[in-house]
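Protein sequence lines, in the order shown, are assigned to chains A and B. Using numbering that gives the first Met the number 0, the first residue of the first sequence is number 0, and each one after it goes up by one. Using numbering that gives the first Met the number 0, the first residue of the second sequence is number 0, and each one after it goes up by one. Ideal Cβ placement from N, Cα and C applies to all residues, glycine included. Small disclaimer: the values here were computed from a predicted structure and weren't measured. The structure under discussion appears below in the form of structure tokens.
There are 2 protein chains.
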Amino acid sequence: MTENIVTSDNFEEYLISHPFLGKPENLYNSMNYIMQLGGKRMRPKLLLLAHQCMAGTLTKDVYQLALAIETLHNFSLVHDDIIDNAPIRRGKKTVHEEWNLPTAILAGDNLLIKCYDLILKTSLPQKEELLNEFTTMAMQVCEGQQMDMNLPGKEHITEEEYLHMIRLKTAVLPACALKMGALAAGASLDKSDHFYDFGLNLGMAFQLQDDFLDCFGTAAETGKQEGGDILENKRTLLFLHAQQHLEGSDREELNRWYGERVLDQSAKINRVRELFVKAGSDRYLLNLKHEFEEHALENLEQACGQSEFKQHVLMLFDFLKARKV
Amino acid sequence: MTENIVTSDNFEEYLISHPFLGKPENLYNSMNYIMQLGGKRMRPKLLLLAHQCMAGTLTKDVYQLALAIETLHNFSLVHDDIIDNAPIRRGKKTVHEEWNLPTAILAGDNLLIKCYDLILKTSLPQKEELLNEFTTMAMQVCEGQQMDMNLPGKEHITEEEYLHMIRLKTAVLPACALKMGALAAGASLDKSDHFYDFGLNLGMAFQLQDDFLDCFGTAAETGKQEGGDILENKRTLLFLHAQQHLEGSDREELNRWYGERVLDQSAKINRVRELFVKAGSDRYLLNLKHEFEEHALENLEQACGQSEFKQHVLMLFDFLKARKV
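See below:
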């Protein structure tokens, strides 16, 4: 890598050429396995783009920061897959399936520590600020994950609680990535906070799109089980809104579908979808998503102004908006 | 807390008065639960003593460092208890038993992040150096734990491998604690390294004493199941040495006890103990432990010289040497 890199396309190449080295082998193999399973690499790309917006160039140190952000994301994937008892991730076995539970716990732990190692080994003058931002975000991700786990045990969930949970679990990570990229470029705190807000609103829109696709997308579009959240009786925003806005027998029916063991799964999915539509929950969610996107665009304008890199960010943005997967 | 603190006895008080605050409640309750289960608090005390040796006083920041070290220790306890499937810790339920596996994973994760938060929130000029030392140590602890897990699957284990494993899993943590205390007091790298070596040798002696007590201690002395390592067929240093030094039928008998399902557990413990003694493995281990202690004393001399605080360290040292538990 040289200091002349000016696109973010080669992050994947950087990642592949910088595996974690150490012993014992099975620990480091499991860490590199999850890192190299692929994915959109959205979070590190956002970090690199924010840096380019503010500084025009990229450096080895910024790639290392981007790798730290991707590593934090992978740490959370490894531990979340244990928590969710998930056998498959991106078409391959999850770490605890390919190795075992103890190794998956330790792989996650060591990935988390490696994030700090990566940031500490940069020679950026903003290192301490970056570490503070990173630490706050990492705590929030854990808190969000625990809040998500607590939801099924709660009698009543407000929409606000649900949105707060996805903000912590999902949105603060891209937000922090963008802010770190800007800070590392020497941006002011004000500017960097616009990047943060952009990422937060983008992340919220992203998660709402996820929820929408999970409910209304086809298996052919998403590559996932159709109506997975409905079958799991997950009280997503769609459900919370519908429960609030349906009346009488419709509301009772919705609660019945979520309360009883159902044999005809596709009947359940179809009928719950109809009830969501009747309550206007699909439009409500899409409107809310649209609002987050509008806010994100305002934030981007404040953050990037007329920078040529704004176009790259917008392309990523449009890609995320249009995605079905 | 004021800056006039000059003993390390009030660390427990400091810990109790500085619980981790945050939401959701069950996540933070589980973190504070393990932190407040008690224990000897040996690692933070060593950090405070090293600081006193070099600076004569203690500050709020140094207590915060000590809390970070104790927090790292507790992070590893929470995750190790999951890995070992342990139901009880210090006479109380382990975190995954009192809450559940997901909460225990997240509690450990968040404790690890809190360590960094605590160090970052000090205003020590050596902050970056401290973070580097801490990070290296934390990685080693994970590596050591994985190495320990890998041992049962290995056909052949050398004594060197076993000692390397306990060095990483157990000894680098007190070593790092002492070094951090010295560094925070403004000690030179040379001086700080003497503290590190003291902690490393102390930690090795400590772990060998643990292994000895597990084998030869009585349940009344240790409060634990007698001969636990033997019953689990753990290839500790005693076993590795005995296997190497017994001959003919004795060696075959030892391997038989470790290879077969045994109904008469106390017969197994007694006979394996006799074989260890016949091989001279008990004396070998105690000699090795003594060597580590001698090295530790030399290191302490180089580190502390004639400081009055050396006496405090020596008291802790004697306490650890004499302990049965």
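query                                                                                                                                                                : result
Relative to chain A, which residues along the stretch 8-22 of chain B have a C-beta separation below 9 Å, given in chain order?                                      : G21 and K22
Taking only runs that begin and end inside the stretch 217-262 of chain B, name each unbroken beta strand (DSSP E) of 3 or more residues, in chain order.            : none
Leaving out the 5 sequence neighbours to the left and right, which residues in its chain are closer than 7 Å to N73/A when beta-carbon positions are compared?       : I33, M34 and L110
State yes or no: is the beta carbon of Q63/A nearer than 9 Å to at least one beta carbon in chain B?                                                                 : no
Is the Cβ of K126/A closer than 9 Å to any Cβ of chain B?                                                                                                            : yes
Could you tell me whether any Cβ in chain B is nearer than 9 Å to the Cβ of K113/A?                                                                                  : yes
For F133/B versus L71/B, is the C-beta spacing smaller than 9 Å?                                                                                                     : yes
Quick check: what's the CA-CA separation for A204/A versus L319/A?                                                                                                   : 9 Å
Go ahead and label Q310/B buried or exposed: buried means 16 or more other beta carbons lie within 10 angstroms of its beta carbon, across all protein chains shown. : exposed
Is DSSP giving R40/A helix, strand or coil here?                                                                                                                     : coil
My output table needs one value for R88/B: the three-state DSSP class, helix, strand or coil.                                                                        : strand
In terms of residues, what are the limits of the alpha helix (DSSP H) holding R272/A?                                                                                : Q264 to K277
Less than 9 Å between the beta carbons of R42/A and L172/A, yes or no?                                                                                               : yes
Quick check on the DSSP output: the alpha helix (DSSP H) that includes Q310/B runs from which residue to which?                                                      : F308 to A321
Residues of the stretch 140-158 of chain A in Cβ contact with chain B at a cutoff of 8 Å, in chain order, please.                                                    : C141, E142, Q144, Q145, M146, M148 and N149
Looking at C-alpha atoms only, which residue of L253/B, T217/B and E297/B is the closest neighbour of L201/B?                                                        : E297/B
Tell me which same chain residues have a C-beta within less than 6 Å of the C-beta of N3/B, skipping the five on either side of it?                                  : Bear in mind that a pLDDT of 46 at N3/B, under 50, signals an unreliable position, so the number given afterwards is only what the model happens to contain. Contacts found: none.
Expressed to the nearest angstrom, what Euclidean distance is found between the alpha-carbon atoms of L130/B and I118/B?                                             : 7 Å
Touch check for the stretch 39-55 of chain B and the stretch 85-99 of chain B: three-plus C-beta pairs under 8 Å?                                                    : no
Taking only beta-carbon atoms, is L105/B less than 9 Å away from chain A?                                                                                            : yes
Once you ignore the five residues that flank A170/B on each side, which residues in its own chain have a CB closer than 6 Å to its CB?                               : L199, G202 and M203
I want to verify the contact list: residues of chain A whose CB lies under 8 Å from the CB of P173/B, in sequence order.                                             : Correct list: empty, because the minimum Cβ distance to chain A is about 18 Å.
Against chain B, does M138/A count as a neighbour if the rule is that its beta carbon must be under 9 Å from one of theirs?                                          : yes
Identify the contact partners of I82/A in chain B, using a Cβ-Cβ distance below 7 Å as the criterion.                                                                : P101 and I104
CA-CA distance, D263/A and H78/B?                                                                                                                                    : 41 Å
What's the call for G143/A, buried or exposed, on a 16-neighbour Cβ count within 10 Å?                                                                               : buried
Tell me which residues share the same chain as M0/B and place their Cβ nearer than 7 Å to its Cβ, disregarding the 5 neighbours each side in the sequence.           : Bear in mind that a pLDDT of 40 at M0/B, under 50, signals an unreliable position, so the number given afterwards is only what the model happens to contain. Cβ within range, chain order: Y13, K59 and Y62.
For a contact defined as C-beta to C-beta under 8 Å, what are the partners of L130/A on chain B?                                                                     : Y115, L119 and L130
Buried or exposed: where does I15/B fall if 16 or more other Cβ atoms within 10 Å of its Cβ makes it buried?                                                         : exposed
Consult DSSP for H17/B and reduce its assignment to one of helix, strand or coil.                                                                                    : coil
Contact check, S29/A vs A103/A under 8 Å by CB: the rounded distance?                                                                                                : 7 Å
Check for me: the alpha helix (DSSP H) holding R166/A runs from which residue to which?                                                                              : It is not in any alpha helix (DSSP H) - R166/A carries neither H nor E in the DSSP assignment.
L177/A and L48/A: beta carbons closer than 9 Å?                                                                                                                      : yes
Helix, strand or coil for Q305/B, going by three-state DSSP, please let me know.                                                                                     : coil
By how many angstroms is the C-alpha of A174/B removed from the C-alpha of S306/B?                                                                                   : 19 Å
Cβ closer than 7 Å: which chain B residues qualify as neighbours of H78/A?                                                                                           : I104 and D108
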